[in-house]
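In my numbering, the protein residues as written are 553 to 1068.
No residue lacks a Cβ here, since even glycine has one placed at the ideal position from N, Cα and C.
The structure appears below as structure tokens.
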């Protein structure tokens, strides 16, 4: 791998840096084109570094290893719970390896954090509520300030902060909401960063994550990493790190940052159908906000949710059925279905709704302060909408290879079987799917190629059968012949090309069989 291709995305889940201790972290070695094959084989640096954060040590180790690094800090809006007890922030860091960590700079940010939160809470109490966007900006500013102090000022140009709507009790305050909202934000933000940067490796540091954050983020990175891999071939690895526990007796002591998991995409043989299967069919509502006392918001919510049945039906075709078809090597079905006008409708529905969801949340969701309880984010959004968006990106990738008039498999009103065969080689499909389709193409082109004319003819008739009946396929034959079943497939020639297409009325029958 060239140095230009050695791109690493470091994702770290952070709770409240105010409470972190200064310790000497010992990181794994993170050089080379692959970080390490498996946790038990990873080597560790001889010399560690004193820091308040494992993320800063991992960041430096990646830079030392020659990686071009981008950083994503994942935090929660619960970070803005008011500090308990004045002066607690300035006490952090004293007598903890004094001088070994950047104590003064961190204490300065600690004080800014607590003073800012006090001001925010007085504002909420005075007005009764604030727009949720203001809370998010406050939490992001806090995390950015800590990142600059702990990772260095130069990290700003490499940094993205993702603030999740947290749920739970923090510092005497209760944050109310739904975990699904956090999943929506996390999936959307991480996919945008992954698809824009296209890292060759992802390093996930879950040391400082609290509550459900590490599990939620690991799950998201696993799904999103595989989704990007099947179209880009990247990331090739996802490596998860977590340090030894840091207790009061650990201060100034050596704390190892452990490699707890290595996901190697090449070794796993991740396929497109694996990813589509993990995404699945769209179910449920899109967005709800309570209380709904405003006529305008009711109208917008109705508009957002009214097409959910249509979206679900199209998702069943373009995610579930195409996922199954990829397992069976049904390249002609996939090409035919992606050329259908419904695919454009599916994409448009998903893209429009995910944009409108963001807009409605920004305009209508507020944060209230009631009797020492923070009642926040009274909305519920379906994270599955983001997964459907990711599915459209994968399907667009396939479609660009299939239906391009000049470079793809499409030729006039049919599909070039040899090019479809090449497509099976280029896509990340299973060996079984690739082999079964290529075998069927071989049989048609070699055994019946000289019998074909420029007039489309049912394959059953070309094979010399007398009991042919268009669209009378059964499940066994459809799967056994990779979708090139004799009673649904028309074959013909244009010059040296052997072309195939489905009978006009056969697509519905094929999908009935696939869905059964």
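In this structure, the alpha-carbon of residue 565 lies about 13 Å from that of residue 608. Around the beta-carbon of residue 1017, fewer than 16 other beta-carbon atoms lie within 10 Å, marking it exposed. Contact between residue 653 and residue 603 holds, with the beta-carbon distance rounding to 6 Å and staying under 8 Å.
Taking each of 656, 560, 987, 1060 in turn and checking the Cα distance to residue 749, the smallest one comes out for 560. Sequence-distant partners of residue 905 (beyond 5 residues in either direction) whose C-beta falls short of 7 Å from its own C-beta, in its chain, are 838, 856, 937.
Considered as a whole, the stretch 632-716 harbours 681-683, 711-716 as its complete beta strand (DSSP E) runs of no fewer than 3 residues, in chain order. In this structure, the straight-line span from the alpha carbon of residue 723 to that of residue 620 is close to 38 Å. Distance from residue 778 to residue 817 at the Cβ level is roughly 7 Å; contact confirmed, criterion being Cβ atoms closer than 8 Å. A direct Cα-to-Cα measurement between residue 737 and residue 629 gives close to 12 Å. Non-local C-beta neighbours of residue 1009 in its own chain, meaning closer than 8 Å and more than five positions away in sequence, comprise 1042, 1043, 1044, ordered along the chain. Note that the stretch 846-864 does not touch the stretch 960-969; fewer than 3 beta-carbon pairs, one per stretch, sit closer than 8 Å.
Ranked by Cα distance from residue 765, the options 716, 890, 785, 808 are led by 716. Membership of residue 1041 in the beta strand (DSSP E) is indicated by the continuous run 1041-1046. For the pair residue 950 and residue 886, the CB atoms are nearer than the 9 Å cut-off. Judged by DSSP in its simplified three-state form, residue 604 adopts coil rather than helix or strand. Of the candidates 794, 575, 699, the residue whose Cα lies closest to the Cα of residue 600 is 575. Minimum Cα-Cα distance from residue 883 among the listed residues 979, 760, 580 corresponds to 979.
Spatial neighbours of residue 763 in its own chain (CB-CB distance under 7 Å, excluding positions within 5 residues in sequence) are listed in chain order as 720.
Note on residue 613: 16 or more other CB atoms within 10 angstroms of its CB, so buried under the neighbour-count rule. The residues 756, 812, 813, in chain order, have a CB closer than 6 Å to that of residue 792 in the same chain once the five nearest residues on each side in sequence are set aside. Linking residue 1054 to residue 946 through their CA atoms gives a straight-line distance of about 24 Å.
With a beta-carbon spacing of about 6 Å, residue 687 and residue 632 fall inside the 8 Å limit used to define contacts. For residue 620, the uninterrupted beta strand (DSSP E) run begins and ends at 620-628, by DSSP. For residue 813, the secondary structure class from DSSP, reduced to helix, strand or coil, is strand. Under the three-state reduction of DSSP, residue 720 is assigned to strand. In this structure, residue 932 lies away from residue 794, with their beta-carbon atoms at least 9 Å apart.
When secondary structure is reduced to three states using DSSP, residue 896 falls in the helix class. The shortest C-alpha to C-alpha distance from residue 706 to any of 684, 754, 1005, 622 is the one to 622.
Note on geometry: alpha-carbon atoms of residue 699 and residue 588 lie some 27 Å from one another.
Annotation note: the stretch 979-1067 contains the following uninterrupted alpha helix (DSSP H) runs of length 4 or greater, listed N- to C-terminal: 983-1000, 1011-1014, 1027-1032, 1058-1067. Residue pairing by DSSP places residue 598 opposite no residue, since no beta bridge is assigned to it. Ranked by Cα distance from residue 810, the options 671, 784, 580, 1004 are led by 580. Residue 580 is bridged by DSSP to 596.
Here residue 1004 is actually not in contact with residue 1038; their C-beta atoms are around 14 Å apart, not less than 8 Å. Counting only residues of its own chain and dropping the five nearest sequence neighbours on each side, residue 930 has a CB closer than 6 Å to the CB of 842. The residue among 635, 658, 901 with its C-alpha nearest the C-alpha of residue 672 is 635.
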